[in-house]
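To get the working numbering, take the position in the sequence shown, counting from 1, and add 254.
A virtual CB, placed ideally from N, CA and C, is assigned to each residue, including glycine.
Everything below concerns the one structure shown next.
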Amino acid sequence: MDTLEKAKLWLSETFDEETRNAVQTLIDSNSPDLEDSFYRELEFGTGGMRGIMGVGTNRLNKYTLGQATQGLANYMLEQFKGEEIKVAIAYDVRHNSKEFGKLVADVLTANGIKVLLFKDHRPTPELSFTVRDKKCNGGIVLTASHNPPEYNGYKVYWNDGAQIVPPNDEAIINEVYSVKFDEIKFNGNDDLIEWIGEEQDDVYIDACIENSTYQNEGKENLNIVFTSIHGTTYTTIPKALAKAGFKKVDLVKEQMIPSGNFPTVDSPNPEEPAALEMAMDLARITNADIVIGTDPDGDRLGIAVRNLDGEMQLLNGNQTNTILTYYILNEWRKQGRITGKEFIGSTIVTSDIFYEIAQKFGVECKVGLTGFKWIGKMIREAEGTQKFVCGGEESFGFMTGDFVRDKDSCGSILLACEIAAWCKANGKTMYQYMIDIYKDLGMYYEGLINIVRKGKEGAEEIQNMMKDFRENPPKELAGSEVLAIKDFKEQTSLNTSTNEKKVMNDIPKSNVLIYYTEDGTKVCVRPSGTEPKIKFYVSVKDSISSEADFRDKLKSLEAKIAAVKTDLKLD
255 MDTLEKAKLW
265 LSETFDEETR
275 NAVQTLIDSN
285 SPDLEDSFYR
295 ELEFGTGGMR
305 GIMGVGTNRL
315 NKYTLGQATQ
325 GLANYMLEQF
335 KGEEIKVAIA
345 YDVRHNSKEF
355 GKLVADVLTA
365 NGIKVLLFKD
375 HRPTPELSFT
385 VRDKKCNGGI
395 VLTASHNPPE
405 YNGYKVYWND
415 GAQIVPPNDE
425 AIINEVYSVK
435 FDEIKFNGND
445 DLIEWIGEEQ
455 DDVYIDACIE
465 NSTYQNEGKE
475 NLNIVFTSIH
485 GTTYTTIPKA
495 LAKAGFKKVD
505 LVKEQMIPSG
515 NFPTVDSPNP
525 EEPAALEMAM
535 DLARITNADI
545 VIGTDPDGDR
555 LGIAVRNLDG
565 EMQLLNGNQT
575 NTILTYYILN
585 EWRKQGRITG
595 KEFIGSTIVT
605 SDIFYEIAQK
615 FGVECKVGLT
625 GFKWIGKMIR
635 EAEGTQKFVC
645 GGEESFGFMT
655 GDFVRDKDSC
665 GSILLACEIA
675 AWCKANGKTM
685 YQYMIDIYKD
695 LGMYYEGLIN
705 IVRKGKEGAE
715 EIQNMMKDFR
725 ENPPKELAGS
735 EVLAIKDFKE
745 QTSLNTSTNE
755 KKVMNDIPKS
765 NVLIYYTEDG
775 TKVCVRPSGT
785 EPKIKFYVSV
795 KDSISSEADF
805 RDKLKSLEAK
815 IAAVKTDLKL
825 D
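Encoded structure:
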């Protein structure tokens with residue numbers, strides 16, 4: 255069926271008048287948006303279903319959300335026969351999120367499923383926490399994380415509080431795609447909705463403090479600047495910091511106003527220095543020790559601290575996670591809590607320094623595919639045999655303990671501020687603490703290169719790029735020979751010198767390539783599961799013995815990343 259025929263199906267009485275009119279306008283005007291709106295169905299990627307809002311099968315709207323929720327309801331009614339089924343629902347600050355949240359609730363209650371619906375915006379990790387805290391069978395959050403304003407999304411959580419993984423995800427997707435639009439039950443039953451609000455915030459914040467803090471040294475003297483970048487954490491982070499004992503917290507007031515337009519930034523992504531510019535400006539006025547920003551749904555955090563020149567500098571996700579992980583494991587060791595049955599979680603695109611940290615403290619480092627759902631899966635599978643300590647991925651996500659089964663900015667911020675306070679009380683900065691870790695374990699440095707290709711043609715171009723990298727892999731990168739290639743789609747590991755190929759079946763299939771070179775450089779290539787991008791993760795390393803050494807090696811490692819970029823023809 256071609257795009258026009260698919261679009262004409264949306265002119266039937268199954269769809270409301272507003273939708274039919276919008277589709278007819280696309281057809282009559284021969285709009286280029288018609289193709290992109292209908293050429294495919296929205297897919298579940300690493301972060302669930304995410305897309306541009308509008309009419310069509312490739313857009314997020316009443317019907318695609320309704321279809322997804324009806325499919326989920328059908329699956330849950332089959333899986334939890336005879337039980338009272340409960341689903342928690344949260345939503346972020348994006349356009350239509352609140353309306354989408356109620357729409358999704360209506361579809362569930364129309365199917366006889368009880369819903370715990372947040373009264374207002376709440377961070378994604380609070381939803382994950384609530385699923386387990388309220389003994390729900392699942393959870394849904396309406397969010398598109400840090401995507402541009404025209405996006406929204408839908409993430410599904412299972413009864414362990416983690417995002418869905420195989421076999422549930424595939425089974426749910428099959429149910430979703432088998433639902434016809436005229437089979438969606440939209441007429442909800444409000445008697446099956448329980449509204450939740452600030453009382454749940456307090457329970458969640460208390461759990462964050464209990465699981466993410468170790469001592470109180472210097473908390474009253476730490477100068478903090480925080481921004482929610484117009485997102486959901488205005489409801490939790492200021493309260494959590496105060497409750498944990500931090501006295502000097504300055505808020506970027508203009509950005510504490512929730513807004514789906516994100517009016518003060520080009521992108522509400524704390525991975526990008528520009529998103530924290532207003533917070534950095536305030537830090538200069540207040541002489542802050544640490545700047546923290548979160549993304550719209552409050553699961554990612556960006557941290558800036560004072561570098562060796564006393565200037566505020568944004569840490570990358572690997573650097574932040576290195577500091578947090580090393581500190582936690584050191585505290586666990588001091589408390590005698592490491593028995594050899596503990597593990598930390600990481601991902602294939604994250605820095606290999608986490609293997610070094612795990613080895614130093616006598617714990618295991620488990621590695622999964624990109625996305626915190628895989629760390630959640632590790633926790634569930636290890637219950638009863640191994641204790642999860644903490645986990646993170648390079649894309650500015652981290653979680654402490656297993657009380658939340660997704661990346662959690664609240665617990666991570668409390669921990670980061672504790673470390674910064676302890677460092678200040680002991681005459682150093684958090685940045686110097688990071689350098690101390692590098693002196694101990696080796697200096698790892700990373701760069702992320704994003705190539706954006708939008709629409710159907712862009713998706714095809716990304717597909718061809720992956721095909722080319724598979725068929726014509728680089729022989730050397732930045733002057734160092736490529737010794738091994740891991741292909742997670744083919745589930746093979748190739749030794750390039752012997753041409754020996756081994757099967758890797760410990761990690762599920764995924765369209766990811768990793769090149770390893772003789773000097774320890776690691777390059778991962780993967781298409782994004784949630785954005786029209788192909789991503790290149792470059793990790794380089796060296797050894798250092800001093801702060802002066804760190805400065806020199808930083809320059810040489812930055813040059814090496816630039817050389818890799820040139821060799822991959824990404825300039």
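Could you tell me whether the Cβ atoms of V361 and A398 are closer together than 8 Å?
V361 places its beta carbon 8 Å or farther from that of A398.
On the CB-based measure, 16 or more other CB atoms within 10 Å of its CB, does G594 come out buried or exposed?
G594 counts as exposed, since fewer than 16 other C-beta atoms from the protein chains shown sit within 10 angstroms of its C-beta.
Does the beta-carbon of V777 have 16 or more other beta-carbons within 10 angstroms, so that it is buried, or is it exposed?
In the assembly as shown, V777 is a buried residue. Its beta-carbon has 16 or more other beta-carbons within 10 Å.
Cα-Cα, which of A732, A636, E754 and A276 is closest to A738?
E754
Any contact between the stretch 592 to 612 and the stretch 688 to 698? By contact I mean 3 or more CB pairs, one from each, below 8 Å.
yes
So K807 packs on I798, CB below 8 Å; how close in whole Å?
Their Cβ separation, rounded to whole angstroms, is 5 Å, which keeps K807 and I798 in contact under 8 Å.
Less than 8 Å between the C-beta atoms of D660 and D553, yes or no?
yes
Is P527 buried or exposed, if buried means 16 or more other CB atoms sit within 10 Å of its CB?
Answer is exposed; the Cβ neighbour count stays below 16.
List the residues that DSSP assigns as beta-bridge partners of K787.
Its beta-bridge partners are V706.
Do L555 and P524 have their CB atoms nearer than 8 Å?
yes
Sorted by chain position, which residues of the same chain lie with C-beta nearer than 6 Å to R274's C-beta, five sequence neighbours on each side aside?
L265
With a Cβ-Cβ cutoff of 8 Å, do G485 and P403 count as a contact?
No.
Taking just the CA atoms, how far does V545 sit from A558?
If you take the alpha carbons of A558 and V545, they lie about 5 Å apart.
Touch check for the stretch 654 to 668 and the stretch 376 to 385: three-plus C-beta pairs under 8 Å?
Between the stretch 654 to 668 and the stretch 376 to 385 there are three or more inter-stretch CB-CB distances shorter than 8 Å, so the stretches are counted as touching.
Rounding to the nearest angstrom, what Cα-Cα distance links L731 and V794 in this structure?
Answer to the nearest angstrom: the Cα atoms are 11 Å apart.
When the distance is taken between beta carbons, is S600 closer than 8 Å to C619?
yes
So, at 6 Å on beta carbons, what are the nonlocal neighbours of I450 in its own chain, with the 5 sequence-adjacent residues on each side left out?
By the criterion of a C-beta distance shorter than 6 Å, I450 is surrounded in its chain by L370 and F372, once the five residues flanking it on both sides are discounted.
Out of S285, I592, P517 and K627, point me to the one whose CA is closest to A612's CA.
If we check each option's Cα against that of A612, I592 comes out closest.
Would you check if the distance between the CB atom of K497 and the CB atom of I463 is smaller than 8 Å?
yes
By the 10 Å Cβ neighbour count, where 16 or more other Cβ atoms means buried, how is N572 classified, buried or exposed?
buried
In the stretch 628 to 684, which residue ranges form an unbroken alpha helix (DSSP H) of at least 4 residues, counting only runs that do not cross its ends?
Given a length threshold of 4 residues, each whole run of the alpha helix (DSSP H) inside the stretch 628 to 684 is given here in chain order: 663 to 679.
Counting pairs of beta carbons, one from the stretch 510 to 525 and one from the stretch 456 to 471, are three or more of them closer than 8 Å?
Three or more beta-carbon pairs separated by less than 8 Å are not found between the stretch 510 to 525 and the stretch 456 to 471, which leaves the two stretches without contact.
Using the Cα positions of L319 and L296, report the straight-line distance between them to the nearest angstrom.
Cα to Cα, the separation comes out at about 10 Å.
Using only alpha-carbon positions, find the residue among N350, I343, T311 and G547 that is nearest to V433.
T311
A405 and G564: beta carbons closer than 8 Å?
Looking at the sequence itself, residue 405 is Tyr, so the reference to Ala does not match. No, they are not a contact pair.
Between which two residues does the alpha helix (DSSP H) holding T355 run?
Per the sequence shown, residue 355 should be read as Gly rather than Thr. Element bounds for G355: S351 to A364.
Tell me, which residues are paired with C778 by DSSP?
The partner list for C778 (beta bridge, DSSP) reads I768 and Y791.
In the DSSP assignment, what are the bridge partners of A558?
Beta-bridge pairing links A558 to V545 and L568.
Considering only the alpha carbon of each residue, which of F269, A359, K409 and V347 lies closest to G783?
K409
Is G472 near the ligand COA, with its Cβ less than 7 Å from a heavy atom?
No copy of the ligand COA appears in this structure; indeed no ligand is present at all.
With a threshold of 16 other CB atoms inside 10 Å of the CB of S351, please say whether the residue is buried or exposed.
buried
How many Å lie between E338 and Q454 at the Cα?
If you take the alpha carbons of E338 and Q454, they lie about 21 Å apart.
Closer than 8 Å, CB to CB, is L396 near chain B or not?
You won't find chain B in this structure, because it holds only one protein chain.
Is K631 near G622, with beta carbons less than 8 Å apart?
yes
What residues match up with D423 in a beta bridge as DSSP calls it?
In DSSP, D423 forms no bridge with anything.
So I459 packs on T548, CB below 8 Å; how close in whole Å?
At roughly 15 Å, the Cβ-Cβ gap does not stay under 8 Å, so I459 and T548 are not in contact.
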